[in-house]
Amino acid sequence: MLPKTKKVKKLLANVDAFLSMTRSQRLIAARSLAKFSFLALLVVGIYGYTLTLSVSKNASTQEFEIAKGESVKTIASRLKSANLLRSPLLFRLIVRQNKLIVQAGIYQLSPSLAPNILAQTLTKGLSVDKKITIPEGYRLEQIAELTGLDLVSPEGRLFPDTYFIKEDITAKELVDLLQANFAKKVGEIDNQTLILASLVERETRGDEEKPIVASILKKRLAAGWALELDATVQYILGKPGAWWPNTTLLDRKIKSPYNTYLNVGLPPAPIGNPGLASINAVRAAQDSPYWFYLHDKSGQIHYASTLADHNQNIQTYIY
Numbered sequence: 001m002l003p004k005t006k007k008v009k010k011l012l013a014n015v016d017a018f019l020s021m022t023r024s025q026r027l028i029a030a031r032s033l034a035k036f037s038f039l040a041l042l043v044v045g046i047y048g049y050t051l052t053l054s055v056s057k058n059a060s061t062q063e064f065e066i067a068k069g070e071s072v073k074t075i076a077s078r079l080k081s082a083n084l085l086r087s088p089l090l091f092r093l094i095v096r097q098n099k100l101i102v103q104a105g106i107y108q109l110s111p112s113l114a115p116n117i118l119a120q121t122l123t124k125g126l127s128v129d130k131k132i133t134i135p136e137g138y139r140l141e142q143i144a145e146l147t148g149l150d151l152v153s154p155e156g157r158l159f160p161d162t163y164f165i166k167e168d169i170t171a172k173e174l175v176d177l178l179q180a181n182f183a184k185k186v187g188e189i190d191n192q193t194l195i196l197a198s199l200v201e202r203e204t205r206g207d208e209e210k211p212i213v214a215s216i217l218k219k220r221l222a223a224g225w226a227l228e229l230d231a232t233v234q235y236i237l238g239k240p241g242a243w244w245p246n247t248t249l250l251d252r253k254i255k256s257p258y259n260t261y262l263n264v265g266l267p268p269a270p271i272g273n274p275g276l277a278s279i280n281a282v283r284a285a286q287d288s289p290y291w292f293y294l295h296d297k298s299g300q301i302h303y304a305s306t307l308a309d310h311n312q313n314i315q316t317y318i319y
């Protein structure tokens, strides 16, 4: 007979115990074992189901940053707080059982990601390398400076927004990305509306001003007035380090198709890349009694219905 190991002895002891039971005792033991097996299978099934159970079907993404050295426990807790995860414990279990290592980085995550996919995303390092924010009204050269890329694109259609890009993105890839976002957010737009929106963007300090200023500019155009906008002269004078310089009375005499002091109508192209608020303000400009406006030294806007009132505002708020 082969020597008995401890495991064999224990097994035989259990068999002996089972055989020594009465028929009714054996039946009860068999039923208990069946119940245990069923519960075990049920637990396994529930676990498998929860692996694929996302927070919601909402596919919109949000930024989620993981710092170097951050613990899985902390990350799981923050994922739940950001409504990206149902169970921090399940996430930690997935990471531990699969021996995964969460990678630091900036991620774009969606509530529609199942816990197992979320864990794979964060452990494979599928993060973006760089985050850039392009402010409303930036001209092409400013965006080029911001990104360090030699961009080639018509002015006006590089949509100002926050983007997550790879470090090695090319100039063409970035232009394509910004223009695609413009098409998605803005849709169809005629050139006159786009040019006018770029003027509104540079001539206003807040969104609440945009509809009124858009209305004033439209009224001036319809009346055949020169727009007389400093922003267009700034666009002419702009250079590295001072893309929107202060202007003088002499600057207003510069001969250029962009100079709205010398030329009636719109400049030939946008003077920057407007945001959606400026575009919508032009599309739905509200009626107003005003024909003039100026900003005082604190940035507060002052409107006027007549030239006399406008001149009074100049004396009151500028000099």
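Just so you know, we're using the UniProt record's numbering here: the sequence shown kicks off at 1 and counts up by one.
Quick reminder that beta carbons are idealized off the backbone N, C-alpha and C, glycines included.
It should be emphasised that the depicted structure is a prediction, and the values quoted were computed from it without experimental measurement.
Within 7 Å, strictly: CB atoms of residue i and residue j
i: residue 136; j: residue 275; result: yes
i: residue 260; j: residue 209; result: no
i: residue 196; j: residue 102; result: no
i: residue 289; j: residue 156; result: no
i: residue 211; j: residue 277; result: no
i: residue 99; j: residue 88; result: no
i: residue 131; j: residue 159; result: no
i: residue 360; j: residue 138; result: The structure shown has nothing for residue 360, since the chain only spans 1 to 319.
i: residue 114; j: residue 54; result: yes
i: residue 226; j: residue 264; result: yes
Inter-residue spacing [alpha-carbon to alpha-carbon] between residue i and residue j
i: residue 310; j: residue 175; result: 41 Å
i: residue 84; j: residue 77; result: 10 Å
i: residue 111; j: residue 120; result: 15 Å
i: residue 48; j: residue 73; result: Note that residue 48 scores a pLDDT of 45, beneath 50, so its modelled location is shaky and nothing firm can be said.
i: residue 37; j: residue 90; result: Note that residue 37 scores 44 on pLDDT, short of 50, meaning its location in the model is unreliable and no value can be drawn from it.
i: residue 172; j: residue 308; result: 51 Å
i: residue 152; j: residue 95; result: 45 Å
i: residue 299; j: residue 201; result: 15 Å
i: residue 248; j: residue 233; result: 9 Å
i: residue 71; j: residue 59; result: 26 Å
i: residue 134; j: residue 319; result: 34 Å
i: residue 245; j: residue 93; result: 58 Å
i: residue 162; j: residue 293; result: 31 Å
i: residue 221; j: residue 185; result: 27 Å
i: residue 267; j: residue 177; result: 26 Å
i: residue 107; j: residue 143; result: 23 Å
i: residue 104; j: residue 75; result: 10 Å
i: residue 63; j: residue 217; result: 38 Å
i: residue 279; j: residue 182; result: 11 Å
i: residue 26; j: residue 109; result: Caution is warranted here: a pLDDT of 48 is assigned to residue 26, below 50, making its placement in the model unreliable, and the coordinate value is therefore given only provisionally. Residue 26 and residue 109: Cα-Cα distance of roughly 54 Å.
i: residue 148; j: residue 207; result: 29 Å
i: residue 166; j: residue 179; result: 17 Å
Residue i: first and last residue of the uninterrupted beta strand (DSSP E) it sits in
i: residue 108; result: 105-109
i: residue 303; result: 301-304
i: residue 63; result: 62-66
Extent of the continuous alpha helix (DSSP H) run through residue i
i: residue 94; result: 88-97
i: residue 314; result: 307-317
i: residue 72; result: 72-81
i: residue 282; result: 276-283
i: residue 286; result: Where residue 286 is concerned, there is no enclosing alpha helix (DSSP H), given that its DSSP letter is neither H nor E.
i: residue 229; result: Per DSSP, residue 229 belongs to no alpha helix (DSSP H) and is neither H nor E.
i: residue 147; result: 140-147
In DSSP terms, what residue i is bridged to
i: residue 132; result: 163
i: residue 295; result: 301
i: residue 124; result: Its beta-bridge partners do not exist; DSSP assigns none.
i: residue 239; result: 242
Residue i: CB within 6 Å of a non-hydrogen atom of the ligand ADP
i: residue 228; result: Summarising the ligand content, the structure contains no ligands, and the ligand ADP is consequently not present.
Which residue spans inside the region 164-213 form an unbroken alpha helix (DSSP H) run of at least 4?
Here the runs fully enclosed are 171-186, 191-203.
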